[in-house]
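In what follows, a single structure is set out as structure tokens and then discussed.
Protein chains: 2
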Amino acid sequence: MSERRGHDLGLHRVIEPEGALPQAAQRLDAESEAFDNEIVIDVQTLNIDSASFHQIIGELGRDEEKVAERVRSIVAERGKMQNPVTGSGGMLLGTVKAIGKDYKGPVELKVGQRVASLVSLTLTPLKIDRVIKVHLDADQMDIEGTAYLWPSSPIVAMPEDLPERVALSALDVCGAPAQTARLVAGQKRVLVLGAGKSGMLCAATARATLGDAGEVYAVDLHDTNLKLLKEAGIVDDFRTANAKVPTEVLHAVEAMTGGELVDVVINTCNVSGTEMSAILPARDRGVVYFFNMATDFSRAALGSEGVGKDVDLLIGNGYAHGHAELTLKMVREFEVVRSRLEALTGEG
Amino acid sequence: MSERRGHDLGLHRVIEPEGALPQAAQRLDAESEAFDNEIVIDVQTLNIDSASFHQIIGELGRDEEKVAERVRSIVAERGKMQNPVTGSGGMLLGTVKAIGKDYKGPVELKVGQRVASLVSLTLTPLKIDRVIKVHLDADQMDIEGTAYLWPSSPIVAMPEDLPERVALSALDVCGAPAQTARLVAGQKRVLVLGAGKSGMLCAATARATLGDAGEVYAVDLHDTNLKLLKEAGIVDDFRTANAKVPTEVLHAVEAMTGGELVDVVINTCNVSGTEMSAILPARDRGVVYFFNMATDFSRAALGSEGVGKDVDLLIGNGYAHGHAELTLKMVREFEVVRSRLEALTGEG
Ligand SMILES: NC(=O)c1ccc[n+]([C@@H]2O[C@H](COP(=O)([O-])OP(=O)(O)OC[C@H]3O[C@@H](n4cnc5c(N)ncnc54)[C@H](OP(=O)(O)O)[C@@H]3O)[C@@H](O)[C@H]2O)c1
Ligand SMILES: NC(=O)c1ccc[n+]([C@@H]2O[C@H](COP(=O)([O-])OP(=O)(O)OC[C@H]3O[C@@H](n4cnc5c(N)ncnc54)[C@H](OP(=O)(O)O)[C@@H]3O)[C@@H](O)[C@H]2O)c1
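Keeping their order, the protein sequence lines are chains A and B. For the first sequence, numbering that gives the first Met the number 0 assigns the number 0 to the initial residue and increments by one for each residue that follows. For the second sequence, numbering that gives the first Met the number 0 assigns the number 0 to the initial residue and increments by one for each residue that follows.
What follows is the structure in structure tokens.
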């Protein structure tokens, strides 16, 4: 076979516009056979981003055939599943079909292995041969198709000891626990704002990192998860408060700490307007980590300036070395996290 | 006189909505006399945010009287200068009129001193008595009025050795040099993306911090400032490239470094779509600092994930301890920076 050398960032698959990276591209080439630096995936399930899936259903109604046709036509046109309205993608699940000789990916993989992509579908060359079933309530589609990943695209082998949907929902947010482990190391007080899937995983990671050497606090609108986290010894204390009202959160935190501010704040809410609730409780030179994708850049930058807060404001990068492994480890080690994820995904 | 204790974050001036911080508030109370923790400023000049000023002129035309009336009515209605269309404010220049007995502000000030606020007008209680003159080309208005600042609001004494407009334009971006000094300390390779006002100041700060122990590179669309920075020894090398085309910037950087990536990237462009140009040139576990307010949170978060880059992504907090002093020091120490700011502001 001839040499088919690809670019490390996937530029060899970009059709237009020229010079764009695959995510910014209008159209990818998903027809060409594999390049030497690619791994080929037999795709079985597309996990469509929730915002995208709901936009499609909102437009077409809950009609499996129409939804299937829409996704098929987007992918046929763009060479990737990127909803032109929401701009978002999703993840995929499948089996390794072939590994190019120059593929040096982030983890060791072999042909036949079950894998999930940890990179957005918005930059993954994808070809759909057949849609088997649309799962309207799970934002998922079972398909027959092919995807190509190059070395810079994070990918993970699916664990064999966890229900697939539990693993997927944890992997979807796996950037947060990895950053949490780094940021809380050596600190005394940590606040987790929002105690949903990523919030629970971050609280567990903070506890695992700090042991008894630091305090982990949590705030959420409702106390269902908070109580369970406290019972399990993952958080030392919690309060319910509305993260859209910064002073409410500040008072809740001061009530827990006896008036002190915290070293690190991890914002895992899923609503907008929570920037200042994360910034106010942070101490001078503390760190605020925004995993919440509804964070507004300028509200955080100007808001922090507005209260004269000298804190580091971090954007929640979805990738960190070892992020998938660490996250699955937390699911395995903390029974309460696993059982909540099972309940949320309807498994177990 | 009676006790008039104010809240450290200015909540005592918020009329509506209840619980909001001054920046998020619809209306502030700028009528009440000073509280014990406030400093009172006789305001002489409003430096209206450029986006806001241009929106007003776009709507009303270049008519000084109409512009004055619009600003007056916004301030009368909201108790602060926050353009309801753009949401943005500006800065003010004035003279200290009174200092409350409980005002413990960020710097030592005395009555009669000339000061600039380093906090947005969007959260500063302001009352306008009279508009003296509108400077249509400078986004400025001379007025008679009163403003109140509480301890958490950054403020600075105007330097006596620099032209006022030069000092103002440097102070407007003073968050960036302070962060740059921290981030580049001990590093080997720094890239400054965009070489305008804040870019020149950041490059100078990187040079001052690193001395000969590291390399400072710069990229901009045009080479006017770049050449001057190189001649002055502030940058070691430069290239022109379009920060909206990530691979162009990556290649430019690799050409300067001999193929290496850099430890720290400082993004000071003033246009959108430059996230990936800042992320790609950063090395594994490097730092990318987004001072550019046109940065999009999710493009940075998902873009970095999309190329599997484990880098820290920092939001450009407008405040850092000592930011104004450091910035003015850079203007004084680096002749080329001062003369470029003089040229840009029409001074000197
Ligand atoms: N940066 C990245 O790479 C990346 C990747 C994936 C996801 N994310 C983001 O991560 C965020 C969290 O995802 P997730 O899967 O953990 O979501 P989730 O399970 O829905 O958790 C969000 C939590 O925030 C709580 N919450 C909502 N509004 C609140 C308020 N006003 N005050 C206090 N708490 C509030 C929710 O409480 P209730 O349920 O009790 O209302 C819920 O417990 C999302 O914004 C998502 O976009 C980021
Ligand atoms: N975070 C904060 O607290 C804060 C506070 C104030 C300002 N800011 C932000 O800081 C940024 C810079 O402010 P500034 O006063 O330094 O602006 P500036 O003086 O206008 O500098 C911007 C520079 O970026 C260059 N540039 C524009 N488009 C480019 C492209 N496509 N490729 C390469 N270079 C490009 C410009 O080049 P040319 O002039 O050659 O076209 C200019 O040299 C703005 O976005 C502003 O909003 C942030």
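Even glycine gets a Cβ: it sits at the ideal position worked out from N, Cα and C.
Test: residue i CB closer than 8 Å to a CB of chain B
i        : result
Met292/A : yes
Leu200/A : no
Met0/A   : Because the pLDDT of Met0/A is 48, which lies under 50, any placement of that residue in the model is unreliable, and the question is left without a value.
Lys308/A : yes
Pro122/A : According to the sequence provided, residue 122/A is Leu. The question's Pro does not apply to it. So, interface residue.
Gly5/A   : no
Gly185/A : no
Asp18/A  : Looking at the sequence provided, one finds Gly at residue 18/A rather than Asp. At least one chain B Cβ lies under 8 Å of Gly18/A.
Ala180/A : no
Glu15/A  : no
Chain A contact residues for residue i, given Cβ-Cβ distances below 8 Å
i        : result
His350/B : Residue 350/B cannot be examined here, being either before or after the span of chain B that is shown, 0 to 347.
Gly195/B : Going along chain A, no residue has its Cβ under 8 Å from Gly195/B, so there is no contact; the nearest lies around 17 Å.
9 Å Cβ cut-off: residues of chain B touching residue i
i        : result
Glu304/A : Leu117, Val118, Ser119, Pro153, Gly174, Asn316, Gly317, Tyr318
Test: residue i CB closer than 8 Å to a CB of chain A
i        : result
Glu247/B : yes
His296/B : First, the amino acid is wrong: residue 296/B is Phe here, not His. Judged by the 8 Å Cβ criterion, Phe296/B is in contact with chain A.
Val286/B : no
Gln22/B  : yes
Gly257/B : no
Ala300/B : yes
Met80/B  : no
Leu190/B : no
Leu8/B   : yes
Pro83/B  : no
Met329/B : no
Met275/B : yes
Under 7 Å from the C-beta of residue i: neighbouring residues of chain A
i        : result
Leu91/B  : Ordered by position in chain A, no residue passes the 7 Å Cβ test against Leu91/B, which lies about 14 Å from the chain.
Asp311/B : Leu313
Pro105/B : Gly307
Proximity of residue i and residue j at Cβ, strictly below 8 Å
i        : j        : result
Val110/A : Ile98/A  : yes
Ala205/B : Val215/B : yes
Pro245/B : Leu279/B : yes
Met140/B : Ile47/B  : yes
Leu122/B : Gln186/B : no
Thr223/A : Ala242/A : no
Val165/A : Thr344/A : yes
Val263/A : Val172/A : no
Ile142/B : Val95/B  : no
Leu120/B : Met90/B  : yes
Ala251/B : Leu225/B : no
Ala175/B : Cys201/B : yes
Between the CA atoms of residue j and residue i - distance to the nearest angstrom
i        : j        : result
Met0/A   : Ser197/A : Residue confidence for Met0/A is low, a pLDDT of 48 falling below 50, so the modelled location carries little weight; the figure read from the coordinates is stated next. Using only the alpha carbons, I get a separation of about 45 Å.
Ile349/A : Ala115/A : As shown, chain A starts at 0 and ends at 347. That puts residue 349/A outside it, with no answer to give.
Met275/A : Glu247/A : 11 Å
Ala203/B : Val336/B : 8 Å
Arg77/B  : Leu148/B : 16 Å
Leu340/B : Leu313/A : 31 Å
Gly88/A  : Leu170/B : 41 Å
Val66/B  : Thr294/B : 30 Å
Gly317/A : Ile55/B  : 39 Å
Glu230/A : Ser49/A  : 31 Å
Leu301/B : Leu117/A : 11 Å
Phe296/A : Glu346/A : 36 Å
Ser51/A  : Phe333/A : 32 Å
Asp309/B : Glu259/B : 16 Å
Leu192/A : Arg282/A : 15 Å
Glu17/A  : Phe289/B : 25 Å
Met199/A : Ser152/B : 35 Å
Met255/A : Pro162/A : 36 Å
His320/B : Gly104/B : 12 Å
Thr85/B  : His53/B  : 10 Å
Minimum Cβ-Cβ distance from residue i to chain E less than 8 Å
i        : result
Val244/A : Chain labels in this structure do not include chain E; the protein chains are A and B.
Sufficient close CB pairs (3 or more, under 8 Å) joining the region 7 to 17 of chain B to the region 25 to 39 of chain B: In short, these stretches touch, since the Cβ pair count reaches three.
- prompt: How do the region 294 to 305 of chain B and the region 326 to 340 of chain B stand: do at least 3 beta-carbon pairs fall below 8 Å, yes or no?
  reply: For the pair of segments examined, the region 294 to 305 of chain B was found not to touch the region 326 to 340 of chain B: the number of CB pairs separated by less than 8 Å stays below three.
message: Does the region 30 to 39 of chain A come into contact with the region 1 to 9 of chain A, if we say contact requires no fewer than three beta-carbon pairs (one atom in each stretch) closer than 8 Å?
response: Using a Cβ-Cβ distance cut-off of 8 Å, the region 30 to 39 of chain A and the region 1 to 9 of chain A are in contact, since at least three pairs of beta carbons, one from each stretch, lie closer than that value.
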